[in-house]
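Going letter by letter, the sequence shown gives residues 52 to 778 in the working numbering.
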Amino acid sequence: MQVLRCLPEPEILNLSISLGRGGEACIYAVPSSGDLVAKVYHKPTAAHARKLRVMLANPPENPTASLGHISIAWPQDLIKATDKSHEIIGFVMPRIHGMRPIIDFYNPRTRREHCPLFNYQYLLRTARNLAAAFGALHNSGYCVGDVNESNILVSDTALVTLVDTDSFQVYDPDEKVVYRCSVGKPEFTPPELQNKTFAEHDRQINHDLFGLAVLIFQLLMEGTHPFSGIFQGVSEPPPYEARIAAGHFTYSQQRRVPYRPTPIAPAWEVLHPKLQQLFVRCFENGHNDPQLRPSAQTWLSVLAEAEDSLITCTTNPQHRYNNHLDSCPWCERTLRLGGRDPFPSPRAVENQEHLRPRVVPKRRYPQRQRSPQPVSHHHRINYWQPVAASGYSPYQQHKKAKFYPAVLCLLGFGLLGYLDVAIKFTRPYVSQNAYTQQTLMALPKPTEEEVLTFADYYKQGHAAYQIRDYQEAVQSFSKAIENDATNSRAYMNRGNARYNLRDYEGALEDYNQALEINPQEVKAYVNRGNARYMMAEYSHDPDREYNLAIADFNQALWINDQETEAYIRRGIVRSQMAKYSGQSLQDYQKAIVDFTQAIKLNASRAEAYFQRGEVRYKMAQFSSNFIPEYQQVIADFNEALKINGSLAKVYLKRGMIRYELTQYTGVESDPNNVKAIEDLQTAAKLSLEQEDTESYQQALSGLCVIIESQCTALLQSSAIWGDTANN
């Protein structure tokens with residue numbers, strides 16, 4: 052692809068090496084400079100051109116210029132088409148080397164794997180550099196708009212770079228035009244913009260400040276979101292957008308909120324007192340008056356003060372904490388986590404103790420019979436679960452019986468582990484953008500004597516996929532494709548790896564290519580439908596993506612009407628569409644027909660039973676005779692657990708439904724009450740083993756509701772868990 056670079060002097064660039072591709076543009080290496088990349092829009096517009104000209108005319112100050120580091124990857128030059136139109140089709144920007152997404156540093160597991168000596172002082176410094184970058188943008192009149200973890204990169208030395216800058220909100224003072232940022236993630240969106248169409252609203256600096264505070268909180272609290280916690284209601288926990296809109300800051304100092312801090316989060320007191328005050332200002336005072344949110348400069352000053360007040364633990368030099376504390380909180384946290392140190396010592400890192408798998412004390416949990424878990428083949432369909440909308444209604448609570456055996460059992464939960472993954476908002480649903488893909492490490496090059504074939508690279512990709520090293524799998528399958536671009540399976544497997552990296556656009560491209568080569572590839576249609584379903588969450592037109600997904604599943608079934616997976620996935624999409632449809636019951640019924648057909652074809656698919664039970668539960672909400680329908684739901688969940696007894700989500704849902712039945716009957720001795728406790732205990736146990744934060748929190752929330760009188764003891768028992776771990 053030939054393009055014209057305008058400055059420093061006109062130059063024809065041959066762009067042939069793609070570093071990443073997104074829904075809006077493609078990133079290319081610049082042949083004449085290893086420190087630059089070119090971003091070329093798929094469909095360039097006049098608005099793109101005008102916005103880029105404004106950005107080039109008024110670049111923000113680089114707060115780390117004296118360090119030779121680029122804090123904001125700002126456009127440096129325009130790229131034009133080489134034809135007579137000379138249309139602006141993109142721009143040149145700095146290439147960022149040796150940096151990783153910020154989530155890799157506030158997520159304890161990935162930090163331990165990739166940068167184990169990145170201690171609390173480094174986290175404070177990262178927050179300072181992040182605040183400095185935001186401050187520079189705000190001083191120049193720009194807003195990030197779409198504040199989230201995927202467009203912020205961090206180095207091993209705590210330097211920060213903001214990328215994807217052409218998506219920022221830009222104001223043109225000459226034309227009095229605002230080029231808005233039309234996207235945003237709910238977890239980082241302030242309450243006044245929740246459920247708003249971003250393309251219709253000008254972003255303000257105080258909107259950015261909410262997202263900045265969320266990121267700083269996550270950095271300093273081991274990935275914990277400020278609005279995460281154990282829900283104290285009867286129903287499923289509301290999503291983050293509902294919590295933020297209601298102002299339910301979990302660590303509220305001024306009001307009662309229906310959440311308790313999760314036991315796996317660091318204590319609120321770990322934060323420097325002035326940082327605590329800033330978070331309260333942002334999330335509580337700023338809820339009703341956004342102007343009260345601390346500015347980036349305020350954060351910068353207080354973070355510097357917090358860093359200056361750090362002292363070093365006498366036991367582990369990597370443990371740095373603020374001097375308002377009487378003892379080292381990280382030593383205490385290590386004990387609570389059964390020996391898993393959030394900031395391992397240099398000796399532990401040298402001996403690779405920080406990478407040793409956590410040993411689960413099995414004596415704390417009697418083993419239950421469970422179905423064997425099959426090993427997934429490398430080209431098997433990727434599994435995903437849509438987030439179910441809350442369908443539970445809050446019912447009048449009755450006085451609960453005391454279940455002391457249940458409470459004693461609960462005291463053992465904590466030792467099952469340290470959930471090192473970020474919670475839901477950092478979970479689920481962090482998509483890889485095209486710019487960050489350029490930072491992925493390359494595979495070691497073979498020696499001159501080695502000549503690897505298509506089969507060699509394909510086997511490497513297969514092996515990497517089996518151990519869930521999806522980045523390496525993508526690289527190996529790419530090499531295989533370079534050797535043979537006519538193999539549809541290589542494209543499909545690379546698409547599967549990209550899907551698991553949440554690069555849904557890249558996966559979609561690969562599935563398209565696989566189908567061009569082999570239009571009868573049923574799995575490619577099913578996988579492409581999955582990718583489109585996931586893309587709907589980020590789309591401005593989700594109905595379009597849902598309908599395209601349905602079309603893919605239909606095509607798969609036209610080729611092979613025995614394809615069980617297509618029925619299951621089509622049913623899931625239909626049940627999702629039903630939530631927003633004017634004909635919900637009819638759409639839910641179609642989904643049930645799909646799940647039932649899947650069960651007829653393969654009665655060993657637990658997912659089909661679970662999904663059918665989920666839809667039956669939703670339909671029961673429309674019924675006046677719900678108890679028989681609830682029994683059908685439980686029957687489906689029972690079948691799912693017969694097939695696979697390790698499904699935490701099924702125990703969780705069955706437990707909550709059993710509890711709802713006790714609320715309808717109003718009989719405290721209802722056997723469903725005891726069964727509900729057993730289900731939720733099992734769900735919590737399995738969730739910890741499987742590092743499923745969301746299910747774990749929901750299970751604890753349900754248990755707190757059922758055994759209300761013991762809830763405080765349950766949530767405070769993490770210290771007891773740590774003590775018993777050392778016995």
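Glycine included, every Cβ here is placed at the ideal spot set by N, Cα and C.
| query | result |
| --- | --- |
| Just curious, the beta strand (DSSP E) that proline 145 is in, first and last residue? | 139-145 |
| Distance, Cα to Cα, glutamate 729 vs glutamine 672? | 25 angstroms |
| Please name the residue, chosen from Gln637, Pro324, Tyr639 and Gln662, that lies closest to alanine 649 on a Cα-to-Cα basis. | Gln662 |
| From the DSSP output, which residues share a beta bridge with glycine 71? | Ile78 |
| Pull up the distance between the alpha-carbon of asparagine 605 and that of alanine 587, whole angstroms please. | 18 angstroms |
| If you reduce the DSSP assignment to three classes, tell me which class aspartate 86 lands in. | strand |
| Assess contact between the stretch 322-341 and the stretch 263-277, defined as three or more Cβ pairs (one per stretch) separated by less than 8 angstroms. Is contact present? | yes |
| Are there 16 or more other CB atoms within 10 angstroms of the CB of methionine 272, so buried, or fewer, so exposed? | buried |
| Under 8 angstroms, do isoleucine 708 and valine 684 count as touching if we go by C-beta distance? | yes |
| When DSSP labels each residue in this structure, what does alanine 316 get in the three-state scheme? | coil |
| In this structure, how does DSSP classify valine 54 when only helix, strand and coil are distinguished? | strand |
| What is the C-beta distance between alanine 699 and serine 746, in whole angstroms, given that I count them as a contact (C-beta under 8 angstroms)? | 5 angstroms |
| Identify, in the order they occur along the chain, each residue of the same chain with its Cβ nearer than 6 angstroms to the Cβ of alanine 575, setting aside the five sequence neighbours on each side. | Met543, Tyr562, Ala565 and Leu566 |
| In whole angstroms, give me the CA-to-CA distance for tyrosine 597 and valine 624. | 7 angstroms |
| Straight-line CA distance for asparagine 367 to serine 396? | 6 angstroms |
| Helix, strand or coil for lysine 530? Go by DSSP, reduced to three states. | helix |
| What are the residues that DSSP puts in a beta bridge with proline 167? | Paired residues: none, contrary to the question. |
| Any idea what DSSP makes of proline 64, helix, strand or coil? | The identity of residue 64 in the sequence shown is leucine, whereas the question assumes proline. If DSSP states are grouped into helix, strand and coil, leucine 64 belongs with the strands. |
| Spatial neighbours of leucine 168 within its chain, please: C-beta separation below 7 angstroms, excluding the five flanking residues on both sides. | Gln369, Pro397 and Val400 |
| Using only CA atoms, which one of Cys232, Ala750 and Val198 lies nearest to leucine 181? | Val198 |
| Does DSSP put arginine 371 in a helix, in a strand, or in coil? | strand |
| Give me the DSSP bridge partner(s) of glutamine 220. | Cys194 |
| If I'm right that aspartate 86 touches proline 145 with Cβ under 8 angstroms, what's the distance once you round it to whole angstroms? | 6 angstroms |
| Excluding five sequence neighbours on each side, which residues of the same chain lie with their C-beta closer than 8 angstroms to the C-beta of asparagine 246? | Glu292 and Ala296 |
| Pull the bridge partners of arginine 311 from the DSSP assignment, please. | Ile281 |
| What's the call for serine 67, buried or exposed, on a 16-neighbour Cβ count within 10 Å? | exposed |
| For threonine 133, tell me which candidate among Gly149, Glu62 and Gly192 has the shortest Cα-Cα distance. | Glu62 |
| Taking 8 angstroms as the limit between beta carbons, can you name the residues of its chain near isoleucine 568, skipping five residues before and five after? | Thr537, Asn538, Ser539 and Tyr542 |
| By alpha-carbon positions, which one of Pro380, Ile78 and Leu260 ends up nearest to aspartate 340? | Leu260 |
| Could you please give the first and the last residue of the uninterrupted alpha helix (DSSP H) stretch that includes isoleucine 568? | 555-568 |
| My output table needs one value for leucine 204: the three-state DSSP class, helix, strand or coil. | strand |
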